[in-house]
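Taking it in order: structure first as structure tokens, then the write-up.
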Amino acid sequence: MKRKKIVAGNWKMNLNYKEGIKLATAIAKKMPAQSDVQVILGTPAIHLKAVADVLQHFSQIAVAAQNCHQAEKGAYTGELSVDMVQSVGASYVILGHSERRAYFKESNEVLAQKVDVVLEKGLTPIFCCGEPLEIRKKKKHVKFVKKQLQEGLFHLKAKEFSKIVIAYEPIWAIGTGVTASPEQAQEMHKSIRKLIAKQYGDKVANKTSILYGGSVKPANAKELFGQKDVDGGLVGGASLKAPDFLQIIGSF
Ligand code: 13P
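Residue numbering for the sequence shown follows the numbering used here, beginning at 55 and increasing consecutively.
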């Protein structure tokens with residue numbers, strides 16, 4: 055079964071407004087005209103509208119928010135609702151990034167609520183999971199990720215789950231320059247697909263795009279994306295440079 059190939063950039067808290075527009079423009083200008091890769095730019099919230107405007111004639115490039123609040127609206131000073139990010143052009147929302155989990159104490163329980171509000175509004179969650187180094191050293195990484203998926207996603211019905219994109223991002227590979235080997239990525243992606251199959255059946259599992267994240271670069275993207283169960287990448291640092299990001303998109 056054909057799965058959607060996806061290359062998503064996560065700009066994190068980088069680039070001011072002008073720099074963000076410049077980067078989005080540079081990527082759009084050089085995008086291959088005929089590509090079956092869905093490209094997503096995960097920009098800071100303040101850039102979303104301008105970047106969405108730059109990309110309006112590029113149907114294969116979408117815009118993602120990096121987070122949203124689980125409540126529809128209300129007295130949550132400083133937060134953003136799904137409705138807000140959707141109203142400025144976001145069609146994806148990155149949820150449960152390890153930095154949100156670590157620095158903002160986002161639990162699987164809160165993430166499950168965020169997944170629900172994002173789906174209710176018709177946006178696509180990119181749900182992140184991944185283990186810290188000490189868990190991998192103890193060979194408990196599959197169990198660890200299983201719990202994240204069970205508690206964050208498996209309350210969904212099959213029809214809802216089929217809209218989810220998963221990003222496996224081992225914490226020890228994020229921003230460290232250390233990439234999971236293609237074999238390590240494939241092992242985890244295969245396990246994730248198996249878990250989905252057990253919960254929702256083979257059809258849903260075979261349709262779910264599972265992205266790898268953690269020091270994806272032009273030099274390693276081809277090998278990673280060549281793995282059977284790796285359907286693309288969630289790219290941090292290398293998504294901030296147009297030539298690198300374009301090269302990664304071209305790695306499929
Ligand atoms: P790096 O590509 O900078 O390691 O970041 C990965 C990541 O966290 C993407 O969400």
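Ideal placement from N, C-alpha and C gives every residue a C-beta, glycine not left out.
Item: From Ser113, Leu102 and Ile75, residue whose alpha carbon lies closest to that of Gln88; Value: Ser113
Item: Within 8 Å, strictly: CB atoms of Tyr310 and His101; Value: Past the boundaries of the shown model lies residue 310; the chain is included only from 55 to 306, so the question cannot be answered.
Item: Proximity test, Val270 beta-carbon vs ligand 1 heavy atom, cut-off 7 Å; Value: yes
Item: Pick from Lys175, Ser152, Gly176 and Ile75 that is closest to Leu187, judged by C-alpha positions; Value: Ser152
Item: Whole-Å CB distance - Ile220 paired with Ile246, under 8 Å assumed; Value: 6 Å
Item: His111 to Val270 span [Cα, whole Å]; Value: 27 Å
Item: Beta-bridge pairing of Thr178 - partner residues as DSSP gives them; Value: Tyr146
Item: C-beta contact flag for Ala62 and Ile180 at 8 Å; Value: yes
Item: Spatial neighbours of Gly74 in its chain, beta-carbon cut-off 8 Å, leaving aside the 5 residues before and after; Value: Trp65, Thr97, Pro98, His101, Ala104 and Val105
Item: Leu165 (DSSP reduced to helix, strand or coil); Value: helix
Item: CA-to-CA distance, Lys211 to Ala275, given in whole angstroms; Value: 33 Å
Item: Residue span of the beta strand (DSSP E) that contains Asn64, given as start and end; Value: Lys59 to Asn64
Item: Contacts around Ile250, its chain only, beta-carbon distance under 7 Å, and the 5 residues preceding and following it disregarded; Value: Val258, Ala259 and Thr262
Item: 8 Å Cβ cutoff met for Glu163 and Gly150; Value: no
Item: Best match in Met138, Ala125 and Val117 for proximity to Ile148 [C-alpha to C-alpha]; Value: Val117
Item: C-beta contact flag for Ala119 and Val139 at 8 Å; Value: yes
Item: Distance between Phe299 and Gly229 (C-alpha atoms, nearest Å); Value: 15 Å
Item: Chain-order list of residues whose beta-carbon lies under 7 Å from that of Leu165 (same chain, five-residue window excluded); Value: Leu149, Gly150 and Gly206
Item: Residue closest to Ile81, alpha-carbon to alpha-carbon, out of Leu69, Asp90, Asn68 and Leu95; Value: Leu95
Item: Option in Lys252, Val196, Trp226 and Glu277 with minimal Cα separation from Met242; Value: Val196
Item: Cβ-based burial, Gly184 [other Cβ within 10 Å; buried from 16]; Value: buried
Item: 3 or more residues per run - each beta strand (DSSP E) lying fully within the region 250–283; Value: 264–267
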